[in-house]
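Chemist: Chains as they are written, first to last, in the numbering used here: chain A, 1 to 116; chain B, 1 to 222. By construction, the Cβ of each residue, glycine as well, lies at the ideal position given by its N, Cα and C atoms.
Take a look at the structure:
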């Protein structure tokens, strides 16, 4: 298919999105990530029954916390797709990068740079 | 176990905003089980607070530590060597832990990071319900193992009252009438005849009404 998607995305493989913890997401922002998104299986298709539902809840929790600390909850999202949906994966990657770019850099990263 | 709930972060921020070096201190016991004050919650709260203050342009040292318990001298002693590095502590243990911490480290301000709610059970993950009010004189042997002190809104000793309707309490249609449960349980135990016996007037002096309480056990004292 020779699909392309933005190169500034760092993919972290996990056995299931159910493995993604709230702390993983927060630490990513603390370390300066501009955005984080989880890509899980289609709802109802989780190999481990409910991992993707757990992930969605954690993404929602992360949104609330990021809003409260002033980083912005829109920087974190969850998407569901099947492993065969390469074109959708690329499309979502482009959308996420565009959305995060519109929000600007992570304010934590800017403050850290200023302090250094 | 003691059940607690997270405090809104804005409240914690307001408490510590004038400090520079803060220790977020968790507890490995009850509050870990009710997912309000364990090691993981320490990590989440500390990370969020670091981000908040950094974003505000305030340099603040926020560290994490979790003790086995905060209601015992021996575990609280574990932070004696590091406590001087901080000018405030946010304890996310129950109210007991917060107070014991404050008593032990007299000159360090300690702020609560959770709201301590009650003694209860984990009915399912994410659902905790009250089971005991520590009245100091347990009557569960007479009530089929269901407590009218903690589970009946009126703490009625010879119930149910007139507000019980179709097994539910009048204060809330989703709240089961404790006395309905007691009656059903006594029937299941084939002890329904005991229901006819009137409960004697309960001595409430061992309850909180008699002032702060203590248990003294000379047999185990050193």
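Which residue wins for smallest C-alpha separation from residue 112(B), given the options 135(B), 80(B), 70(B)?
Modeler: That would be 70(B), whose Cα lies nearest to the Cα of residue 112(B).
Chemist: Can you check whether the C-beta of residue 65(A) is within less than 7 Å of a C-beta belonging to chain B?
Modeler: Closer than 7 Å to some Cβ of chain B, the Cβ of residue 65(A) qualifies, so yes.
Chemist: When we look at the beta-carbon of residue 15(A) and count the other beta-carbons within 10 Å, is it buried (16 or more) or exposed?
Modeler: Residue 15(A) should be labelled exposed.
Chemist: Counting only the same chain and skipping the five closest in sequence on each side, list residues whose C-beta sits under 6 Å from that of residue 46(B).
Modeler: Here the set comprises 24, 62, 64.
Chemist: Quick one: what does DSSP say residue 63(B) is sitting in, helix, strand or coil?
Modeler: In the structure shown, residue 63(B) sits in a strand (DSSP, three-state: E or B).
Chemist: Does residue 172(B) pass the burial test, meaning 16 or more other C-beta atoms within 10 Å, or should it be called exposed?
Modeler: Under this definition residue 172(B) is an exposed residue.
Chemist: Between residue 76(A) and chain B, is any beta-carbon pair separated by less than 7 Å?
Modeler: By this cut-off, residue 76(A) is not an interface position.
Chemist: So which residues of chain A does residue 103(B) contact, with C-beta pairs closer than 9 Å?
Modeler: The premise fails here: residue 103(B) is roughly 31 Å from chain A at the closest Cβ pair, so nothing lies under 9 Å.
Chemist: Assess contact between the stretch 97-109 of chain B and the stretch 87-99 of chain A, defined as three or more Cβ pairs (one per stretch) separated by less than 8 Å. Is contact present?
Modeler: As far as the Cβ criterion goes, the stretch 97-109 of chain B does not touch the stretch 87-99 of chain A, which means the pair count is below three.
Chemist: Would you identify the three-state DSSP class for residue 200(B), choosing helix, strand or coil?
Modeler: Residue 200(B) falls in the coil class under three-state DSSP.
Chemist: Looking at C-alpha atoms only, which residue of 200(B), 201(B), 181(B), 202(B) is the closest neighbour of residue 192(B)?
Modeler: Selected option, being the one with the closest Cα: 181(B).
Chemist: What residues are listed by DSSP as bridge partners for residue 115(B)?
Modeler: Note: residue 115(B) sits in a beta bridge opposite 5(B).
Chemist: With a cut-off of 7 Å, does the C-beta of residue 20(A) fall near any C-beta of chain B?
Modeler: Closer than 7 Å: no.
Chemist: Would you mind telling me which residues of chain A sit closer than 7 Å to residue 52(B), beta carbon to beta carbon, in chain order?
Modeler: Near residue 52(B) (Cβ distances below 7 Å), the residues of chain A are 69, 70.
Chemist: When the Cβ atoms of the stretch 161-170 of chain B are set against those of the stretch 113-133 of chain B, are three or more pairs found closer than 8 Å?
Modeler: Counting Cβ pairs under 8 Å, fewer than three are found: no touch.
Chemist: Do you know offhand how far residue 100(B)'s Cα is from residue 188(B)'s?
Modeler: Each residue's alpha carbon lies about 44 Å from the other.
Chemist: Pull up the DSSP beta-bridge partners for residue 21(B), would you.
Modeler: Bridge partners of residue 21(B): 61(B).
Chemist: Which value, in whole angstroms, describes the spacing of the CA atoms of residue 71(A) and residue 203(B)?
Modeler: In a straight line, the C-alpha of residue 71(A) is about 55 Å away from that of residue 203(B).
Chemist: Contact criterion: CB-CB distance below 7 Å. Does residue 23(A) meet it with respect to chain B?
Modeler: Yes, its Cβ sits closer than 7 Å to a Cβ of chain B.
Chemist: Starting from residue 1(A), follow the beta strand (DSSP E) in both directions and report where the run begins and ends.
Modeler: From DSSP, residue 1(A) is part of no beta strand (DSSP E); its letter is neither H nor E.
Chemist: Do the stretch 50-62 of chain B and the stretch 141-150 of chain B touch if we need at least three Cβ pairs shorter than 8 Å?
Modeler: Counting Cβ pairs under 8 Å, fewer than three are found: no touch.
Chemist: Counting pairs of Cβ atoms below 8 Å between the stretch 75-94 of chain A and the stretch 24-41 of chain A, do you hit three or more?
Modeler: With a cut-off of 8 Å, the stretch 24-41 of chain A and the stretch 75-94 of chain A count as touching, because enough Cβ pairs lie within range.
Chemist: Per DSSP, which residues does residue 40(A) bridge with? Please list them.
Modeler: DSSP output for residue 40(A) lists 80(A) as bridge partner(s).
Chemist: Along chain B, which residues have their Cβ under 9 Å away from the Cβ of residue 105(A)?
Modeler: Here the premise fails: no neighbours, minimum Cβ distance about 12 Å.
Chemist: Can the beta-carbon of residue 157(B) be found closer than 7 Å to that of residue 205(B)?
Modeler: No, the Cβ-Cβ distance between residue 157(B) and residue 205(B) is not below 7 Å.
Chemist: Please give me, in chain order, every unbroken run of the alpha helix (DSSP H) with length at least 4 that falls completely inside the stretch 107-174 of chain B.
Modeler: Those alpha helix (DSSP H) runs which fall completely within the stretch 107-174 of chain B and span 4+ residues are 148-151.
Chemist: For residue 115(B) and chain A, any beta-carbon pair shorter than 7 Å?
Modeler: By this cut-off, residue 115(B) is not an interface position.
Chemist: Exposed or buried, residue 34(A), counting other C-beta atoms within 10 Å across all chains shown (16 or more means buried)?
Modeler: Buried, by the Cβ-count rule.
Chemist: Taking residue 67(A) as the reference, give the member of 52(B), 12(B), 117(B), 74(B) with the closest Cα.
Modeler: Comparing Cα-Cα distances from residue 67(A) to each of 52(B), 12(B), 117(B), 74(B), the minimum goes to 52(B).
Chemist: Just how far apart, CA to CA, sit residue 18(A) and residue 59(A)?
Modeler: Going from the Cα of residue 18(A) to the Cα of residue 59(A) covers about 11 Å.
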